[in-house]
Amino acid sequence: MNAIRPWRTIERRKCRQIMVGSVPVGGDAPITVQTMTNTPTSDAKATIDQIRRCEDAGVDIIRVSCPDEASTAALPEIVRAAQVPIVADIHFHYKRALEAADAGAACLRINPGNIGSSDRVAEVVRAAKANGCAIRIGVNAGSLEKDLLEKYGEPCPEALVESALDHIKLLQDHDFHEYKVAVKASDVFLAVAAYQGLADAVDCPLHLGITEAGGLIGGTVKSSIGIGNLLWAGIGDTIRVSLSAEPEQEVRVGFEILKSLGLRTRGVRVVSCPSCARQGFDVIRTVQALEDRLQHIKVPLSLSVLGCVVNGPGEARETDIGITGGGAGKHMVYLSGVTDHHVQSADMLDHIVSLVEKKAAEIEDEMSDAGEADTVVEAAE
């Protein structure tokens, strides 16, 4: 509970926790950010290279598609190279799920109803249990079962929730409980309503997403509205922003959604103005350059970039580092909310990057010292 600013409080939905490899999902664990590779999984090198870029962007969990034997054959090499848990995406052939579990996948993404008979579901469950795999049930409005479409007439929240509950029962009938569930749709209203209904009906972790959301801009807007709406209501334990863009872009957008709600704090949070005729420097190009050059920063800190003194000083008071545009190419730099020194336009970009890197190093040292202190206390106890 945020006693000072209660209007910022988000009460997370209570649910049980599962493990996806070494990453906890649900309970009081941080909300994780996922993405999915788009290289042929059978091309292990290309897939690993893409995973590396996503890891650099901060991804917590990565999904890879396994539509054929060549893909699951490449999975052991991919799993060994990855620094984050790998989810194997299985759609119809249950043998791919068995192969993926044996190959080291941390989680299987399946629709149990698509796998086939109860015996086949039982085989997948046995393989998951034997290999310590979680399962993600993936319900999608675009691929609802025919009987549910006939019952409800169209994809609707009730149909998605009923599908999810049917799939959950298939796993529970085989005494399997290490699962999370998604009920995705490309329609924001449909997806949000389905997740709200599911959140009331189950106690498992929920994987959020607006599927087929679109390109980088349109998809980011739709995902931010849908996923953000649910997270603000306390619903959701892991997210994937589905964009027609590179996977690392999905990761960055995912973290921005979480950062805007105060749910994750990785990297630099930039506060910047839209710019106008009052600007003392080119705000748009400056912010673009700073965001690009500061992607390597992992510790949480804030940076304000304001073109003039109308709102600049007020915003700078709330950030770790600030820059406010001034006249004659001379701009004010704020450190910890206090005016500190001036910088000329020609030197501004390199100077701000240097200040951010220095501040990040200080925060890392403080975090390291705090960790050592905790270790000493634990040892003393």
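Residue numbers are given in this note's numbering: position 192 of the sequence shown equals residue 178, and the series is strictly consecutive.
Every residue, glycine too, gets a C-beta built ideally from N, C-alpha and C.
All figures in this text were calculated on a predicted structure; none of them were measured in a lab.
Burial state of residue i (16 or more Cβ within 10 Å)
i, result
"A114", "buried"
"G90", "buried"
"P260", "exposed"
"T(-5)", "exposed"
"P191", "buried"
"Q158", "exposed"
"V363", "With a pLDDT of 41 at V363, under the threshold of 50, the modelled position of that residue is not reliable, and the figure given next carries that caveat. Burial call: exposed."
"C52", "buried"
"K31", "exposed"
"C1", "buried"
"M353", "exposed"
"E85", "buried"
"H328", "exposed"
"G298", "buried"
"I(-10)", "exposed"
"K344", "exposed"
"D54", "exposed"
"C142", "buried"
"A127", "buried"
"S8", "exposed"
"G195", "buried"
"A170", "Position check: residue 170 holds Lys in this sequence, whereas Ala was assumed. Under this definition K170 is a buried residue."
"C262", "exposed"
"S172", "buried"
"A116", "exposed"
"A199", "buried"
"A92", "buried"
"A356", "exposed"
Same chain, Cβ closer than 7 Å to residue i, five either side skipped, listed in chain order
i, result
"E131", "G99 and S149"
"R264", "G293, C294 and V296"
"R(-2)", "G220"
"K245", "T251 and R255"
"M(-13)", "Below a pLDDT of 50, predicted positions are generally treated as unreliable, and M(-13), at 47, falls in that range; the measurement from the model is reported next regardless. Closer than 7 Å at the Cβ level, and outside the excluded window around M(-13), lie T(-5)."
"S322", "D306"
"Y181", "V169, L192, L194, L216 and I221"
DSSP beta-bridge partners of residue i
i, result
"H193", "T224"
"L321", "I307 and V324"
"G124", "A168"
"L292", "T310"
"P10", "M5"
"L287", "V254"
"A89", "A89 pairs with nothing; no bridge assigned."
"Q330", "K316"
"L335", "DSSP output for L335 lists no bridge partner at all."
"S51", "D75"
"Q265", "None, per the DSSP bridge assignment."
Own chain, CB closer than 8 Å to residue i, minus 5 neighbours either side, in chain order
i, result
"G102", "Y80"
"V339", "L276, R279 and L280"
"E367", "Legend: pLDDT at E367 = 45, less than 50; position of this residue unreliable, value from coordinates given subsequently. Once the five neighbours on either side are set aside, E367 has no close Cβ partner at all."
"G313", "G266"
"A231", "G201, L202 and G205"
"M334", "F267, T272, I309 and H317"
Residue of the options minimising C-alpha distance to residue i
i, options, result
"V342", "D306, S228 and G7", "D306"
"A40", "A171, H337, D133 and G240", "Looking at the sequence itself, residue 40 is Cys, so the reference to Ala does not match. Ranking the options by Cα distance to C40, first place goes to G240."
"S331", "A187, I309 and L321", "I309"
"R279", "A43, R303 and S8", "A43"
"T23", "D189, V227, I196 and D223", "V227"
"R324", "P62, G200, A302 and T21", "A quick correction: the sequence has Val, not Arg, at residue 324. With distances taken between Cα atoms, V324 lies closest to A302."
"K316", "E304, V147, A83 and F267", "F267"
"E234", "L202, V147 and G212", "L202"
"G118", "F162, D14 and D333", "F162"
"V6", "I196, R106 and R122", "R122"
"R38", "V65, E348, D54 and R255", "V65"
"A185", "A116, H160 and K166", "K166"
"A346", "R255, I154, R238 and Q3", "R255"
"D133", "A67, D152 and A120", "D152"
"S288", "L335, I349 and G222", "I349"
"A145", "L156, H160 and A177", "A177"
"I17", "V319, F175, I243 and I96", "I243"
"P10", "F175, E164 and P(-8)", "E164"
"I78", "A92, I211, N97 and C93", "The residue you asked about is not Ile; residue 78 is Phe in the sequence shown. Minimum Cα distance to F78 is reached at N97."
"V110", "S129, V19, Q36 and R82", "R82"
"V107", "D14, H160, G183 and G124", "H160"
Residues of its chain near residue i, where Cβ-Cβ distance is below 6 Å and the 5 sequence neighbours each way are ignored
i, result
"S290", "V257, E301, A302, T305 and G308"
"E236", "T21, V227 and L229"
"A179", "P143"
"A67", "I34"
"V125", "L146, S149, A150 and V169"
Report yes or no: do three or more beta-carbon pairs, one from the segment 216 to 226 and one from the segment 240 to 250, lie closer than 8 Å? yes
Does the structure place the segment 280 to 289 close enough to the segment 264 to 271 that three or more beta carbon pairs sit under 8 Å? no
Inspect the CB distances between the segment 43 to 51 and the segment 64 to 74 and report whether three or more fall short of 8 Å. yes
Looking at C-beta atoms only, is the number of pairs between the segment 201 to 210 and the segment 134 to 141 that lie closer than 8 Å three or more? no
Three-pair Cβ contact test at 8 Å for the segment 21 to 38 versus the segment 56 to 64: yes
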